[in-house]
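Numbering (our numbering), first residue to last: 265 to 635.
Cβ atoms here follow ideal geometry from the backbone N, Cα and C, with glycine treated the same way.
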């Protein structure tokens, strides 16, 4: 065998050995997916359920019984405050107004008569007084003149009172006449039209107007969580009617008493419904935000090898220099599948995901994906 052939065979053998070594080394690496630790803003919240209701809704009724003469709006239309909704038959009320005006004029005439009578009685009294002083009239004559004057003065006071009463009756009649036109007391939507032309209004709801621009959301909170809830706190919620949208509100009122049956407390939130998409009566599921922390390190709970929830301790695998290392960490707030890490990790640490079930402490690893 010549020298060239020997060199060729030697190189071939070394190449075979090297390839086998590389393959063996490669086969000894454990493939893992890792998560890079990043800071995040974390919210702590209380789960709640509740029902929306309009903050402002009005049932419109007639103050005086009458027949409905005209209706100017239909169901489900938007109306402005002061807009005319209906007209009631005012014929009878107009008669009341006419009679009241006549009574006022008669009372004014009676006052004029009473003033004339008082003026005459005063003149007669003054004349009799002079005659008495001259000895031409008796004390009885003077007393009679004084009585006539007092009676005339009382007559004037009665006439003035009658005028005041007549004017009050006229104002009431005019007010009643004005009430024959029904106006919208608030902005909103006609949720109900309860009458038709020709119906009597006696003790009936003519219209129900709902303003959905501002809604109340009433929820219940377990009494054990009440320390975390404050007026002004944010509330987020969803409803099946708009399953892909999240809405917001603010806590406005916390009931000072506890429900004895389930030890819960009612909380009222206010929701600005702009644009107006939500409706009163919708059932919602939400969260009251009790705390917000910025720059928090979070890990998906699936990455935990062990997790002692009561003592807030867990173990994870981190990857350093292509080696898996099992470490202990301290946990904090829980936000769904994400758990706050308060101690043991740093920003940009690589955590083996899915608890590294095929990894042991000290294993050499090959990263297949970084999330």
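Whole angstroms are fine: how far does the CA of residue j sit from the CA of residue i?
{"i": "residue 631", "j": "residue 551", "result": "38 Å"}
{"i": "residue 398", "j": "residue 371", "result": "41 Å"}
{"i": "residue 558", "j": "residue 543", "result": "34 Å"}
{"i": "residue 635", "j": "residue 592", "result": "21 Å"}
{"i": "residue 396", "j": "residue 389", "result": "10 Å"}
{"i": "residue 503", "j": "residue 549", "result": "6 Å"}
{"i": "residue 364", "j": "residue 430", "result": "6 Å"}
{"i": "residue 476", "j": "residue 610", "result": "48 Å"}
{"i": "residue 511", "j": "residue 604", "result": "25 Å"}
{"i": "residue 598", "j": "residue 303", "result": "15 Å"}
{"i": "residue 590", "j": "residue 580", "result": "6 Å"}
{"i": "residue 299", "j": "residue 311", "result": "28 Å"}
{"i": "residue 506", "j": "residue 578", "result": "38 Å"}
{"i": "residue 515", "j": "residue 497", "result": "5 Å"}
{"i": "residue 327", "j": "residue 317", "result": "27 Å"}
{"i": "residue 436", "j": "residue 456", "result": "30 Å"}
{"i": "residue 481", "j": "residue 627", "result": "54 Å"}
{"i": "residue 343", "j": "residue 454", "result": "7 Å"}
{"i": "residue 491", "j": "residue 297", "result": "41 Å"}
Taking 6 Å as the limit between beta carbons, can you name the residues of its chain near residue i, skipping five residues before and five after?
{"i": "residue 382", "result": "416, 417, 420"}
{"i": "residue 494", "result": "none"}
Thinking residue i and residue j are a contact (beta carbons under 8 Å), I'd like their distance in whole angstroms, please.
{"i": "residue 448", "j": "residue 349", "result": "6 Å"}
{"i": "residue 588", "j": "residue 563", "result": "Incorrect: roughly 15 Å between the Cβ atoms, too far for contact."}
{"i": "residue 582", "j": "residue 614", "result": "6 Å"}
{"i": "residue 434", "j": "residue 368", "result": "5 Å"}
{"i": "residue 468", "j": "residue 458", "result": "6 Å"}
Look up residue i in the DSSP assignment and give the residues it is bridged to.
{"i": "residue 589", "result": "582"}
{"i": "residue 535", "result": "479"}
{"i": "residue 295", "result": "630"}
{"i": "residue 509", "result": "BP columns for residue 509 are empty, so no partner."}
{"i": "residue 321", "result": "474"}
{"i": "residue 456", "result": "472"}
{"i": "residue 528", "result": "486, 523"}
{"i": "residue 517", "result": "532"}
Mapping the DSSP letters down to three states, classify residue i as helix, strand or coil.
{"i": "residue 633", "result": "strand"}
{"i": "residue 362", "result": "helix"}
{"i": "residue 566", "result": "helix"}
{"i": "residue 427", "result": "helix"}
{"i": "residue 389", "result": "helix"}
{"i": "residue 670", "result": "Because the chain spans 265 through 635 in this model, residue 670 falls outside it and cannot be assessed."}
{"i": "residue 466", "result": "coil"}
{"i": "residue 409", "result": "helix"}
{"i": "residue 375", "result": "helix"}
{"i": "residue 435", "result": "helix"}
{"i": "residue 637", "result": "The structure shown does not extend to residue 637, since the chain spans only 265 to 635, so no value can be given for it."}
{"i": "residue 503", "result": "coil"}
Short of 8 Å in beta carbon distance, which residues of its chain neighbour residue i, apart from the five on each side in sequence? Order them along the chain.
{"i": "residue 522", "result": "487, 528, 529"}
{"i": "residue 566", "result": "601, 617, 618, 619"}
{"i": "residue 384", "result": "416"}
{"i": "residue 325", "result": "465, 467, 468, 469, 470"}
{"i": "residue 462", "result": "331, 332"}
{"i": "residue 538", "result": "477"}
{"i": "residue 625", "result": "581, 588, 589, 590"}
Between residue i and the rest of its own chain, which residues show a CB-CB distance below 7 Å, the 5 nearest in sequence each way excluded?
{"i": "residue 374", "result": "423, 426"}
{"i": "residue 441", "result": "354, 357, 358, 361"}
{"i": "residue 413", "result": "385, 386, 389"}
{"i": "residue 295", "result": "630, 632"}
{"i": "residue 287", "result": "With a pLDDT of 46 at residue 287, under the threshold of 50, the predicted position of this residue should be treated as unreliable, though the coordinate-derived value follows. If we look at residue 287 and ignore the five residues flanking it on each side, it has no Cβ neighbours."}
{"i": "residue 450", "result": "320, 322, 345, 473, 475"}
Using a C-beta cutoff of 9 Å, does residue i count as contacting chain C?
{"i": "residue 372", "result": "Chain labels in this structure do not include chain C; a single protein chain is all it has."}
At a cut-off of 8 Å, would you count residue i as near the ligand NAD, judging by its Cβ distance to the nearest heavy atom?
{"i": "residue 305", "result": "This structure lacks the ligand NAD; in fact it carries no ligand of any kind."}
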